[in-house]
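Residue numbers (my numbering): 620 to 925.
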Amino acid sequence: MTESTRPFPPGSYPVVVIGSGPGGIQVSYALRRNGIEHAVISEDPSPGGMFRRWPHFQRLLSWTKPHAPEPAGSRAYERYDWNSLLADEPQARALQPGLMDGTSYFPSRPEMEQNLGLFAERAGIAIRYGCRWTATRRIDDAEGGGFVVETTDGEYRARVLVVAVGVAEPYSPPGIGMELTHHYADVRPAESYAGHRVLMLGDGVNDVPVLAGADISVAMGSATDLAKTSADAVLLSNRLSSLVQAFGLARRTRRIIVENLVWASLYNGLVLPFAALGWITPIWAALGMSASSLLVVLNALRLTRS
Ligand SMILES: Cc1cc2nc3c(=O)[nH]c(=O)nc-3n(C[C@H](O)[C@H](O)[C@H](O)COP(=O)(O)OP(=O)(O)OC[C@H]3O[C@@H](n4cnc5c(N)ncnc54)[C@H](O)[C@@H]3O)c2cc1C
Numbered sequence: 620m621t622e623s624t625r626p627f628p629p630g631s632y633p634v635v636v637i638g639s640g641p642g643g644i645q646v647s648y649a650l651r652r653n654g655i656e657h658a659v660i661s662e663d664p665s666p667g668g669m670f671r672r673w674p675h676f677q678r679l680l681s682w683t684k685p686h687a688p689e690p691a692g693s694r695a696y697e698r699y700d701w702n703s704l705l706a707d708e709p710q711a712r713a714l715q716p717g718l719m720d721g722t723s724y725f726p727s728r729p730e731m732e733q734n735l736g737l738f739a740e741r742a743g744i745a746i747r748y749g750c751r752w753t754a755t756r757r758i759d760d761a762e763g764g765g766f767v768v769e770t771t772d773g774e775y776r777a778r779v780l781v782v783a784v785g786v787a788e789p790y791s792p793p794g795i796g797m798e799l800t801h802h803y804a805d806v807r808p809a810e811s812y813a814g815h816r817v818l819m820l821g822d823g824v825n826d827v828p829v830l831a832g833a834d835i836s837v838a839m840g841s842a843t844d845l846a847k848t849s850a851d852a853v854l855l856s857n858r859l860s861s862l863v864q865a866f867g868l869a870r871r872t873r874r875i876i877v878e879n880l881v882w883a884s885l886y887n888g889l890v891l892p893f894a895a896l897g898w899i900t901p902i903w904a905a906l907g908m909s910a911s912s913l914l915v916v917l918n919a920l921r922l923t924r925s
């Protein structure tokens, strides 16, 4: 697209909408339906840029059910399709189900991106792409004031400004230990996690598929019954520190098992041949075997010390 054919050059508009995600596109659609002149700008090169980066786990959490008891495109079908944008024209309604490959009720990132692109095309949404909003100033004038929107393409003036820029800053909720966790935004690309062992800790019904699929899964003490039955282990309390203690105990148990096996192998390997050759009397053999067993039990009892 050449500069002369790009829509919405800098200038004055009643409304300026920033963003070409679902928010910006849906607002633009509604403004046009209501006959309100406006400009839409976006730093992205095409609709749905958010879904080229997120979610990391490749699929949305909101479903679209291609096979539903209501016909696609009807008002009642919207309950089964949480990802299509809303429109009055039949050709722009319920677009998401037709773009899914049928392997999941949850659209993949590319399927969601296609959904937004197709909606923009079918609904005739015009967007000035590659135009980055850099600053905003408030203006007060006799006509009721408004905004000056500074962009990489120049200045826009608008009475009303719609900012649909999504997650501008990754949000970290306050909480004890939050500073110790990796932020979702810092997670590496999904493929770099392939081939690793996964520990899943969870409590809710929505955690069940991951608990069932993880290499090791642990349910919290207050978890739902379904989560508990899907997990390999259940914490008896709700304290995360119990999990750290459990790992410590598991490591000590393993070390003591190895010690006992080494001792039993050495003892039996060294002493049994003497007994078999009759070089040790039965009384000393019985005493030696009992002492060895006692040693193994006492070594194992060390696990009961905190
Ligand atoms: C990790 C994650 C997972 C999610 N999963 C789901 C899900 O499964 N289901 C669901 O329904 N919702 C999900 N959401 C929420 C959903 O993505 C958002 O609610 C939705 O995308 C918001 O739409 P939006 O148009 O407001 O913003 P966005 O989709 O984020 O779009 C923002 C737009 O603003 C533009 N923009 C940003 N800054 C500038 C700038 N300075 N100048 C110009 N343009 C700019 C961007 O280029 C983009 O076009 C998820 C969100 C995140 C973060």
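C-beta atoms are modelled at their ideal positions from N, C-alpha and C, and glycine is treated no differently.
Taking one beta carbon from each stretch, the stretch 640 to 652 and the stretch 694 to 706 have 3 or more pairs nearer than 8 Å; the two touch. Annotated three-state conformation of V806 is coil, per DSSP. Between P666 and A739, the C-beta spacing is below 7 Å. Taking C-beta separations shorter than 8 Å and ignoring five residues to either side along the sequence, the partners of S723 in its chain run R678, following chain order. Sorting L920, A691, E788 by C-alpha distance to the C-alpha of R874 places L920 at the top. Contact annotation: A777 and F766 have beta-carbon atoms nearer than 7 Å.
In its chain, beyond the 5 residues on either side, R751 have a beta carbon closer than 6 Å to the beta carbon of E662. Measuring C-alpha to C-alpha distances from V817 to each of Y632, R858, A850 identifies A850 as the nearest. It is roughly 11 Å from the alpha-carbon of G840 to the alpha-carbon of G823. With a cutoff of 7 Å on beta-carbon distance, V863 and V781 are scored as not near each other.
Inter-residue distance for L680 and V853 is about 26 Å (C-alpha atoms, whole angstroms). Around the beta carbon of N857, fewer than 16 other beta carbons sit within 10 angstroms, so the residue counts as exposed.
For V784, there is no enclosing beta strand (DSSP E), as DSSP marks it with neither H nor E. Following the DSSP letters along the chain, one finds P716 in no beta strand (DSSP E), marked with neither H nor E. The bridge partners DSSP lists for S631 are R776.
In this structure, P629 and E774 form a Cβ contact; the two beta carbons are roughly 6 Å apart against a cut-off of 8 Å.
Listed in chain order, the alpha helix (DSSP H) runs fully inside the stretch 813 to 884 are 827 to 832, 844 to 849, counting runs of at least 4 residues.
Membership of E769 in any alpha helix (DSSP H) is not indicated; the residue belongs instead to the beta strand (DSSP E) covering 765 to 770. Given a length threshold of 4 residues, each whole run of the alpha helix (DSSP H) inside the stretch 651 to 732 is given here in chain order: 669 to 672. T755 is bridged by DSSP to V768. Within the DSSP secondary-structure output, V636 pairs in a beta bridge with V659, V781. Taking C-beta atoms under 8 Å as the contact rule, Y648 and I746 fail to qualify, at a distance of about 12 Å.
Taking C-beta atoms under 8 Å as the contact rule, M731 and F676 fail to qualify, at a distance of about 13 Å. If you draw a straight line from the Cα of L889 to the Cα of G907, it is about 12 Å long. C-alpha of A804 to C-alpha of A783: approximately 19 Å in a straight line.
Going by DSSP, M908 is part of the alpha helix (DSSP H) stretching over 901 to 920. Bridge pairing for R747: I660 [DSSP]. About 6 Å separates the Cβ atoms of I660 and T770, confirming a contact at the 8 Å cut-off. Counting C-beta atoms within 10 angstroms of its own C-beta, S836 has 16 or more neighbours from the protein chains shown and is therefore classed as buried.
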